[in-house]
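Remarks on the structure that follows.
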Amino acid sequence: MNILGIETSCDETAAAVVKDGKEVLSSIVASQADLFAKHGGVIPEIASRKHLEMLTPVINEALEKAGLNPNDIDGVAYTKEPGLLPALLVGISHAKALALSLGVPAIPINHLEAHVYANSLTSSADKKEGIPYPHICLLVSGGHTSILFVESPTKYKTLGQTRDDAAGEAFDKVARLLGLPYPGGPIIDKMAQDGDPASIKFPRPMMDTEDYDFSFSGLKTAVLHEVKRRVEISDELSDELKDQLDYNWKADIAASFQEAVADVLIYKTMNAAIEKNVDTISLAGGVAANSRLREKMIRAANDLGIDVRYPDLKMCMDNAAMVAGLGYHMIKELKN
Amino acid sequence: MRILAIETSDKTADIALLDTEHDQVWKKELKTVQKVSETLVDEIKELFQSVEYADLRTLRITDIDLVAVGIGPGSYTGTRVGIATAKGLAQGLKVKMIGVTSFEALIEAIDEDYEDTEIIPLIDAKNDRVYFQIGEEQGCSDISEVLERLKDKNYVFVGTGATTHRGLIAERFQEQAKVDDRDQVSAKFIAQIAQGRAEANLHDNAIALKPLYINKPNIGTKK
Chain W
1 MNILGIETSC
11 DETAAAVVKD
21 GKEVLSSIVA
31 SQADLFAKHG
41 GVIPEIASRK
51 HLEMLTPVIN
61 EALEKAGLNP
71 NDIDGVAYTK
81 EPGLLPALLV
91 GISHAKALAL
101 SLGVPAIPIN
111 HLEAHVYANS
121 LTSSADKKEG
131 IPYPHICLLV
141 SGGHTSILFV
151 ESPTKYKTLG
161 QTRDDAAGEA
171 FDKVARLLGL
181 PYPGGPIIDK
191 MAQDGDPASI
201 KFPRPMMDTE
211 DYDFSFSGLK
221 TAVLHEVKRR
231 VEISDELSDE
241 LKDQLDYNWK
251 ADIAASFQEA
261 VADVLIYKTM
271 NAAIEKNVDT
281 ISLAGGVAAN
291 SRLREKMIRA
301 ANDLGIDVRY
311 PDLKMCMDNA
321 AMVAGLGYHM
331 IKELKN
Chain U
1 MRILAIETSD
11 KTADIALLDT
21 EHDQVWKKEL
31 KTVQKVSETL
41 VDEIKELFQS
51 VEYADLRTLR
61 ITDIDLVAVG
71 IGPGSYTGTR
81 VGIATAKGLA
91 QGLKVKMIGV
101 TSFEALIEAI
111 DEDYEDTEII
121 PLIDAKNDRV
131 YFQIGEEQGC
141 SDISEVLERL
151 KDKNYVFVGT
161 GATTHRGLIA
171 ERFQEQAKVD
181 DRDQVSAKFI
191 AQIAQGRAEA
201 NLHDNAIALK
211 PLYINKPNIG
221 TKK
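Here the protein sequences come in this chain order: W and U.
Numbering-wise, the first sequence is residues 1 to 336 according to the working numbering.
Numbering-wise, the second sequence is residues 1 to 223 according to the working numbering.
Structure, rendered in structure tokens:
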């Protein structure tokens, strides 16, 4: 069964064809991130205009790359929520109309559930087939930070979530404080490799609470104070020295901030895995692409004999293959 | 030729199906304009179910030859829902598309009643601003500026911009101007205009077709 997936919830226009919920025949993503780099975030009206422009050619390309005609599609799965409403509406409207014209079902998909599902696609980075249920999933993106107890592709419980900023949002905001472009995740990850994660002791928010909730806005404020302090000091330096110091200093902040985020995420995820007695943890969402988070999570989990699964980089970011993959299971459930 | 027309740019969204050979039109006003994105496809299905010819023949969605769509100016989100739906249909059915502006459709709806009078379409853009088309020029300005620049002669004003600012129009032109109350853009006239354009082979590029925004996006303040 070939499902066409459509995703327009934020700033990526994406379409993909997935066979039997597993095999990714094509996955096309047209990113608008460049448009928003200088704004420090996504502007819904601009994103929506771009989606309307890009969606038809992106779907055409996904079909072509999969070697299929529209008539070979057995269902159209689309991201219904959550996301930027005007942006979502472009994909929803197009998907439903396309399904109507092809005489196939249109399947609404929850974007977060789709991210969780990304680990079940065969293109996952670890090359392992399928994923065991139940497992604990850490879903971390620009909009969400949650720990989920996942019982099947279509069934899960939220054990905890962020009470303010999402982890990805914190990365974006810290990048802005450091004068780095949007999106903040990849560039902080890269700069952190040149910095010392132990150089600044940022707080580990909510580490000692008994729940699985997070809070990242205080951490962002701590970074802001650090930046202000540094600006005062560096005012007295020569420009050349300042540039040099600036890079090293930014790298240290990036590394230290990233370390604080990773520590909290890992600590709570591990606790959830132990409490629920599962032997698998999965990572999902854009922040799951963070190299330090992956590395430390694997180390911590392996010590306890827990397997860590994560999608490959492309499948961590917003894409339509995860939407199409989950859509397959939704159709199967409808039929049963 | 069978044309499906979609109009979702203003408050009374509607759809129409025009069969040019049998000179028949079926229309459907959309019940819940606020949630047009949720209901539009179902409404299209229902429109097709309501179609019945004298010989009891029925129509299927795959019998459409052309998708016509209102491109505004009007509500950005509403218009995008209509155009995205039209694009989805055109892609699946492999048929061509034609986009029609609200200005054209408003004029088409009333022009046979006003043979020698110039018709000025005005669409409410909120905060005392209107989208306007005067001759070839399209724009968005304060209603008072638009009225100021018009010469003293007889006009018919049409559209939500005209009915909203009836008082200002009367003040500026007294007896010389009339406001026609048919201020909502109707899918039926979008279908009619599209028919003429299709016969002249003036189809739109289905990828490039987009709303007539007129204004640049409002960037607003970032959070």
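All C-beta atoms in this analysis are idealised placements derived from N, C-alpha and C, irrespective of residue type, glycine included.
Every value quoted in this text rests on a predicted model; they were computed, and no experiment measured them.
Checking contacts by CB at 8 angstroms: is residue i closer than that to chain W?
i      : result
Q176/U : no
K224/U : Residue 224/U falls outside the range modelled here, since chain U spans only 1 to 223, and no answer is possible.
L40/U  : yes
N218/U : yes
K222/U : Because the pLDDT at K222/U is just 40, under 50, the model does not fix this residue reliably, and the point stays unresolved.
V81/U  : yes
Y76/U  : yes
T85/U  : yes
I3/U   : no
S141/U : no
A13/U  : no
Just verifying my parser: in three-state terms, what is the DSSP assignment at residue i?
i      : result
M97/U  : strand
V185/U : coil
P70/W  : helix
Q174/U : helix
I219/U : coil
D263/W : helix
P186/W : helix
I3/W   : strand
P86/W  : helix
E81/W  : strand
V223/W : helix
S215/W : coil
E232/W : helix
K173/W : helix
L212/U : coil
S152/W : strand
E115/U : coil
State yes or no: is the beta carbon of residue i nearer than 8 angstroms to at least one beta carbon in chain U?
i      : result
T221/W : no
T145/W : no
K50/W  : no
H94/W  : yes
T56/W  : yes
L68/W  : no
S152/W : no
S101/W : yes
V264/W : no
I46/W  : yes
P86/W  : yes
E81/W  : no
I43/W  : yes
A97/W  : yes
L89/W  : yes
When you compare each of the options to residue i by their alpha carbons, which one comes out closest?
i      : options                        : result
I207/U : V41/U, R60/U, G99/U, T39/U     : G99/U
A254/W : T158/W, A300/W, A170/W, N119/W : A170/W
Q193/W : T209/W, S291/W, D279/W         : S291/W
I298/W : I266/W, A321/W, A198/W         : I266/W
D252/W : L25/W, L85/W, S199/W, K157/W   : S199/W
T79/U  : D142/U, V67/U, T8/U            : T8/U
N215/U : T117/U, K126/U, T62/U          : K126/U
E88/W  : L55/W, T269/W, L63/W, Y117/W   : Glu is not the amino acid found at residue 88/W; the sequence shown has Leu there. That would be L55/W, whose Cα lies nearest to the Cα of L88/W.
A166/W : P153/W, Y156/W, G179/W, I147/W : I147/W
K220/W : A272/W, L139/W, L334/W, F202/W : F202/W
Q133/U : K151/U, K28/U, T101/U          : T101/U
A106/W : I15/U, V41/U, K35/U            : V41/U
F227/U : V130/U, G88/U, E145/U          : One cannot answer for residue 227/U here, as it falls past the ends of chain U, which runs 1 to 223.
I190/U : G88/U, R2/U, A16/U             : A16/U
E21/U  : Y114/U, R2/U, D55/U, I61/U     : R2/U
D142/U : I123/U, A54/U, Y53/U           : I123/U
Y212/W : L4/W, R294/W, T269/W, H225/W   : T269/W
T12/U  : G72/U, P211/U, Q24/U           : G72/U
Consider the C-beta atom of residue i and the heavy atoms of the ligand COA; say whether any pair is separated by less than 7 angstroms.
i     : result
G70/U : The ligand COA is absent from the structure shown, which contains no ligand whatsoever.
Next on the checklist: To test your reading of the DSSP string, which unbroken alpha helix (DSSP H) runs of 4 or more residues are found completely within the region 94-150 of chain W?
Outcome noted: Fully enclosed alpha helix (DSSP H) runs of 4 or longer: 111-117.
Checklist entry - Any contact of the region 310-324 of chain W with the region 14-25 of chain W, i.e. 3+ C-beta pairs under 8 angstroms? => result Result yes; three or more Cβ-Cβ pairs closer than 8 angstroms.
Item to check | Touch test, the region 103-111 of chain U against the region 175-188 of chain U, Cβ-Cβ under 8 angstroms, three pairs minimum | outcome: These segments touch.
Checklist entry - Three or more beta-carbon pairs under 8 angstroms between the region 88-100 of chain W and the region 301-311 of chain W, yes or no? => result No contact exists between the region 88-100 of chain W and the region 301-311 of chain W.
Next on the checklist: Quick check: the region 82-98 of chain U against the region 191-200 of chain U, are at least 3 beta-carbon pairs closer than 8 angstroms?
Outcome noted: Taking 8 angstroms as the limit for Cβ pairs, the verdict is that the region 82-98 of chain U does touch the region 191-200 of chain U.
Checklist entry - Are three or more beta carbon pairs between the region 80-95 of chain W and the region 34-49 of chain W nearer than 8 angstroms? => result Three or more beta-carbon pairs separated by less than 8 angstroms link the region 80-95 of chain W to the region 34-49 of chain W, which places the two stretches in contact.
Checklist entry - Where in the region 260-332 of chain W do unbroken runs of the alpha helix (DSSP H), each at least 4 residues long, occur, reported from the N-terminal end onward? => result Entirely contained in the region 260-332 of chain W, the alpha helix (DSSP H) runs reaching 4 residues are, in chain order, 291-303, 313-316.
Item to check | Runs of alpha helix (DSSP H) wholly within the region 31-88 of chain U (minimum 4 residues, chain order) | outcome: Entirely contained in the region 31-88 of chain U, the alpha helix (DSSP H) runs reaching 4 residues are, in chain order, 36-50.
Checklist entry - In the region 140-173 of chain U, which residue ranges form an unbroken beta strand (DSSP E) of at least 3 residues, counting only runs that do not cross its ends? => result Fully enclosed beta strand (DSSP E) runs of 3 or longer: 155-158.
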